[in-house]
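> Numbering of the sequence shown is given in my numbering, commencing with residue 1 and proceeding in unit increments.
From the three backbone atoms N, C-alpha and C, an ideal C-beta is built for every residue, glycine too.
One structure follows; several queries about it will come next.
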Amino acid sequence: MKAENALLRGAGKRVRHKPAGGAAPWFGFARRTRGTTGPPKDDVMGVQVNRIEKEFILSRLQQQGTVVSVHGDKKESPFMIDSLADESITLAQAEPGQNAFERKERIRVFFDFQNSYYTFDSQVLARTEKGLEVGNPKSIYRDPQRKYERIKLAGIKLFFMFEGDKVELDFPKTDTFTLVEAPEYSSSFNPSRIGDMTAAFRTSLQGRISDLTIVMYRDRTPATFEERLTVKLGKALWIPSTAEDLPLNDPGFSGNIIVKREVEDFLAVTGTPPYLVRSEATNLTAMKAKNGVTAELMCPILYHEYAVGYIHLVNTRPRTERFGRELLEEVVQFSRVLSYSLEINGYYLEHARGQIEHTAPVIDISASGLLFAAGGTELERKIDLFHDLRLHLEIEGRKLVLGTRIMRKFKDADSSYFAAQFMDVPERDFTFLYEFLYGKPFSEEAHKTWEGGSPPPPLAPPP
Numbered sequence: 001m002k003a004e005n006a007l008l009r010g011a012g013k014r015v016r017h018k019p020a021g022g023a024a025p026w027f028g029f030a031r032r033t034r035g036t037t038g039p040p041k042d043d044v045m046g047v048q049v050n051r052i053e054k055e056f057i058l059s060r061l062q063q064q065g066t067v068v069s070v071h072g073d074k075k076e077s078p079f080m081i082d083s084l085a086d087e088s089i090t091l092a093q094a095e096p097g098q099n100a101f102e103r104k105e106r107i108r109v110f111f112d113f114q115n116s117y118y119t120f121d122s123q124v125l126a127r128t129e130k131g132l133e134v135g136n137p138k139s140i141y142r143d144p145q146r147k148y149e150r151i152k153l154a155g156i157k158l159f160f161m162f163e164g165d166k167v168e169l170d171f172p173k174t175d176t177f178t179l180v181e182a183p184e185y186s187s188s189f190n191p192s193r194i195g196d197m198t199a200a201f202r203t204s205l206q207g208r209i210s211d212l213t214i215v216m217y218r219d220r221t222p223a224t225f226e227e228r229l230t231v232k233l234g235k236a237l238w239i240p241s242t243a244e245d246l247p248l249n250d251p252g253f254s255g256n257i258i259v260k261r262e263v264e265d266f267l268a269v270t271g272t273p274p275y276l277v278r279s280e281a282t283n284l285t286a287m288k289a290k291n292g293v294t295a296e297l298m299c300p301i302l303y304h305e306y307a308v309g310y311i312h313l314v315n316t317r318p319r320t321e322r323f324g325r326e327l328l329e330e331v332v333q334f335s336r337v338l339s340y341s342l343e344i345n346g347y348y349l350e351h352a353r354g355q356i357e358h359t360a361p362v363i364d365i366s367a368s369g370l371l372f373a374a375g376g377t378e379l380e381r382k383i384d385l386f387h388d389l390r391l392h393l394e395i396e397g398r399k400l401v402l403g404t405r406i407m408r409k410f411k412d413a414d415s416s417y418f419a420a421q422f423m424d425v426p427e428r429d430f431t432f433l434y435e436f437l438y439g440k441p442f443s444e445e446a447h448k449t450w451e452g453g454s455p456p457p458p459l460a461p462p463p
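See below:
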């Protein structure tokens, strides 16, 4: 039993991707900037070099035949600078192979020069016999300051809500309010995978119960006496054995179980004549025993003031084992993990009424953060630096729920812009996002280096 309880305590690995090599923990953005009214000049991509230095560096790269790494849409290839012009650069492929870059494709170029890493953005002007003709960049930057490359993509949907926004859900309400919190880490199962998690729970109960059912109030309302009782009180109906009476008190003072007095009170307020209340409460277990049930547990799945469903366990003859306190605690614990899993997978948002959703265009995105824009003054006023937001992204039909923190904000004449660092990302969502953005699986090398393969920047001195 201890093994199963440990399994449930740990169902909730959340990945916080830390920079390698002792890098500072702001791995998506260069520095924290307070009260900026425009994008900081030296922390957008790195340290911008002046025009004369830029021309000197590009000329030396051409003369020395230095290989540069060109990154495009889910692709990267080595090239060398073949020729330079005021408006363009001709690149020759450094290795034989297919030239997969397309005209007008946005590219990012990375290279090492005199023991420093550099990068610049450009666009493919044309495909040539040797390779590519690309735009001569206005600026290049030394010492890239981002953990992962930012990618400009269309078709990414983003929305979020503030903690203060009132959202009504299409589920029955209870008399209680339950906060949903992230469970502790475990390698056994992950709340972001509901199917795998419930399968593991079922497996942990094999040989211990007769039947397990998980019922959701998605398309139905509470109908049976037991359903209405557990929804109203927001507690579990625990019948350790139908050969015994209902529990007279809560043995662990947990507040999680319904005691006999509460059953009698519910009967009284729902129309049972006073002279029948006690006998009806006693008959509840007697009728179950008559129908072959030897033990039963009905535990509601709670989210804030709602009961969104319940977990139902029964033992029927010939199985006569009691449902003890350890099993009760295990199921209550799993109900909380399941509620959290439903939240991070966007289940509650699908059943919301009158919710206030804020949508925003994504300017660019990396595996460690994104930049989004918002028009008007309301969001600019509401979103402060270091404000924590749970962002909902939809990418190619897949929904991601990511915990983020606003690390930079600025505005122009039309919009406000917010740089959000990913703080809380399910592991499988990070893997999906990395492969979607860069067209390759996440690797140990990617963990150790920063964008373009550059080494991590040195730690900033303490203030």
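According to DSSP, is Arg390 helix, strand or coil?
To locate residue 390, count along the sequence shown from 1; it is residue 390. In the structure shown, Arg390 sits in a strand (DSSP, three-state: E or B).
> Mapping DSSP to helix, strand and coil, what is Gln333?
Counted from its first residue, the sequence shown places residue 333 at position 333. Three-state DSSP puts Gln333 in a helix.
> Taking DSSP as the reference, what is the three-state secondary structure of Gly252?
Counting from one through the sequence shown, the residue named residue 252 turns up at place 252. Here Gly252 sits in coil by DSSP.
> Do Tyr310 and Val425 have their CB atoms nearer than 7 Å?
Walking along the sequence shown from the start, residue 310 turns up at place 310. Walking along the sequence shown from the start, residue 425 turns up at place 425. No, Cβ-Cβ distance for Tyr310 and Val425 is not below 7 Å.
> So is Asn315 buried or exposed if we call it buried at 16+ other beta carbons inside 10 Å?
For the purposes of this step, residue 315 is taken as the residue at position 315 of the sequence shown. Its Cβ being crowded by 16 or more others within 10 Å, Asn315 is buried.
> Below 8 Å on the Cβ atoms is my guess for Ser335 versus Val180; work out the distance and round it to an integer in Å.
In the sequence shown, counting from the first residue as 1, residue 335 sits at position 335. In the sequence shown, counting from the first residue as 1, residue 180 sits at position 180. Incorrect: roughly 11 Å between the Cβ atoms, too far for contact.
> Tell me whether the beta-carbon of Arg103 lies closer than 7 Å to the beta-carbon of Ala126.
Start at 1 with the first residue of the sequence shown, and residue 103 comes out as number 103. Start at 1 with the first residue of the sequence shown, and residue 126 comes out as number 126. It is a contact, given that the beta carbons lie within the stated cut-off.
> Output needed for Thr270: all residues of its chain with C-beta closer than 8 Å, excluding positions within five of it in sequence on either side, in chain order.
Counting from one through the sequence shown, the residue named residue 270 turns up at place 270. Within the same chain, Thr270 has close Cβ partners Arg228.
> Helix, strand or coil for Glu129, going by three-state DSSP, please let me know.
Looking up residue 129 in the sequence shown gives position 129. Residue state, collapsed to three classes: coil.
> Given a cut-off of 7 Å on the beta-carbon distance, is the pair Glu262 and Lys173 in contact?
Here the question's residue 262 lines up with position 262 in the sequence shown. Here the question's residue 173 lines up with position 173 in the sequence shown. For Glu262 and Lys173, no; Cβs fall outside 7 Å.
> Alpha carbon to alpha carbon, how far is His358 from Glu350?
In the sequence shown, the residue the question calls residue 358 occupies position 358. In the sequence shown, the residue the question calls residue 350 occupies position 350. About 15 Å.
> Express the C-alpha separation of Val337 and Ala182 in angstroms, rounding to a whole number.
Locating residue 182 in the sequence shown gives position 182, where the first residue counts as 1. Locating residue 337 in the sequence shown gives position 337, where the first residue counts as 1. Roughly 8 Å separates the two Cα atoms.
> Please look up how many angstroms separate the CB atoms of Ser139 and Gln62, rounded, as I've assumed it's under 8 Å.
Residue 139 sits at position 139 when you count from the first residue of the sequence shown. Residue 62 sits at position 62 when you count from the first residue of the sequence shown. Their Cβ separation, rounded to whole angstroms, is 18 Å, which puts Ser139 and Gln62 out of contact at 8 Å.
> Using three-state DSSP, classify Glu361 as helix, strand or coil.
Here residue 361 corresponds to residue number 361 of the sequence shown, with the count starting at 1. It should be pointed out that residue 361 corresponds to Pro in this sequence rather than to Glu. Coil.
> Please name the residue in Leu237, Asn291, Thr198, Asp265 whose C-alpha comes closest to that of Phe323.
Counting from one through the sequence shown, the residue named residue 323 turns up at place 323. Comparing Cα-Cα distances from Phe323 to each of Leu237, Asn291, Thr198, Asp265, the minimum goes to Leu237.
> Which term fits Phe372, buried or exposed, when burial requires 16 or more other beta carbons within 10 angstroms of its beta carbon?
Indexing the sequence shown from 1 puts residue 372 at position 372. Looking at its Cβ environment, which holds 16 or more other Cβ atoms inside 10 Å, Phe372 is buried.
> Using 10 angstroms around the beta-carbon of Ala295, count the other beta-carbons present and answer buried if the total reaches 16, otherwise exposed.
Here residue 295 corresponds to residue number 295 of the sequence shown, with the count starting at 1. Classification of Ala295: buried, given that the 10 Å Cβ count is 16 or more.
> With DSSP as the reference, please indicate the residues paired to Glu76 in a beta bridge.
To locate residue 76, count along the sequence shown from 1; it is residue 76. The partner list for Glu76 (beta bridge, DSSP) reads His71.
> What span of residues does the alpha helix (DSSP H) with Leu385 cover, start to end?
Reading the sequence shown from its first residue, position 385 is the one you call residue 385. It is not in any alpha helix (DSSP H) - Leu385 carries neither H nor E in the DSSP assignment.
> Buried or exposed: which applies to His447, given that a residue is buried once 16 or more other Cβ atoms fall within 10 Å of its Cβ?
Working through the sequence shown from its first residue, we reach residue 447 at position 447. By the neighbour-count rule (16 or more Cβ atoms within 10 Å), His447 is not buried but exposed.
> Just to confirm, are Lys130 and Ala92 a CB contact at a threshold of 7 Å?
The residue you call residue 130 lines up with position 130 of the sequence shown. The residue you call residue 92 lines up with position 92 of the sequence shown. Cβ distance < 7 Å, so Lys130 and Ala92 count as in contact.
> Would Phe101 and Val124 qualify as a contact pair, given that the criterion is a beta-carbon distance under 7 Å?
Position 101 of the sequence shown, counted from the start, is the residue given in the question as residue 101. Position 124 of the sequence shown, counted from the start, is the residue given in the question as residue 124. Yes, these two residues count as a Cβ contact at 7 Å.
> Taking only three categories from DSSP, how would you classify Gly274?
Position 274 of the sequence shown, counted from the start, is the residue given in the question as residue 274. Reading off the sequence shown, one finds Pro at residue 274, where the question assumed Gly. If DSSP states are grouped into helix, strand and coil, Pro274 belongs with the helices.
> Quick check: the Cα distance between Thr36 and Arg381, rounded to an integer number of angstroms?
Residue mapping note: residue 36 aligns to position 36 of the sequence shown, counting from 1. Residue mapping note: residue 381 aligns to position 381 of the sequence shown, counting from 1. With a pLDDT of 36 at Thr36, under the threshold of 50, the modelled position of that residue is not reliable, and the figure given next carries that caveat. Answer to the nearest angstrom: the Cα atoms are 14 Å apart.
> Leu433 to Leu402, Cα distance in whole Å?
The sequence position of residue 433 within the sequence shown is 433, counting from 1. The sequence position of residue 402 within the sequence shown is 402, counting from 1. Spanning the two alpha carbons is a distance of roughly 11 Å.
> Where does Tyr347 fall in DSSP's three states?
In the sequence shown, residue 347 corresponds to position 347, counting from 1. Coil at Tyr347, not helix or strand.
> Quick check on the DSSP output: what are the complete beta strand (DSSP E) runs of length 3 or more inside the segment 183-227, in order along the chain?
Complete beta strand (DSSP E) runs here, min 3: 211-216.
> Starting from Lys54 and walking both ways along the alpha helix (DSSP H), at which residues does that stretch end?
Against the sequence shown, residue 54 aligns to sequence position 54. That run of the alpha helix (DSSP H) goes 51-64.
> Would you mind sorting Pro412 into buried or exposed? The rule is 16 or more other CB atoms within 10 Å of its CB.
Here residue 412 refers to the residue found at position 412 when the sequence shown is read from its first residue. Residue identity differs from the one stated: residue 412 is Asp in this sequence, not Pro. It is exposed - the Cβ of Asp412 has fewer than 16 other Cβ atoms within 10 Å.
> What span of residues does the alpha helix (DSSP H) with Asp265 cover, start to end?
Counting from one through the sequence shown, the residue named residue 265 turns up at place 265. 260-269 is the extent of the alpha helix (DSSP H) around Asp265.
> How is the beta strand (DSSP E) around Phe175 delimited, first residue to last?
Here the question's residue 175 lines up with position 175 in the sequence shown. Going by the sequence as given, residue 175 is Asp instead of Phe. Looking at the DSSP string, the run of the beta strand (DSSP E) that includes Asp175 is 173-178.
> Quick check on Asn115: does DSSP put it in helix, strand or coil?
Here residue 115 refers to the residue found at position 115 when the sequence shown is read from its first residue. Coil at Asn115, not helix or strand.
> Classify Ile289 as helix, strand or coil using the three-state DSSP reduction.
By one-based count along the sequence shown, residue 289 stands at place 289. One detail in the question is off: residue 289 reads as Ala in this sequence, not Ile. Ala289 falls in the helix class under three-state DSSP.
> Between Glu129 and chain D, is any beta-carbon pair separated by less than 7 Å?
As a matter of chain content, chain D is missing from the structure shown, which is built from one protein chain.
> With DSSP as the reference, label Asp82 as helix, strand or coil.
Along the sequence shown, read from residue 1 onward, the residue named residue 82 stands at position 82. Three-state DSSP puts Asp82 in a strand.
> Please list the terminal residues of the continuous beta strand (DSSP E) segment that includes Phe160.
Walking along the sequence shown from the start, residue 160 turns up at place 160. 157-160 is the extent of the beta strand (DSSP E) around Phe160.
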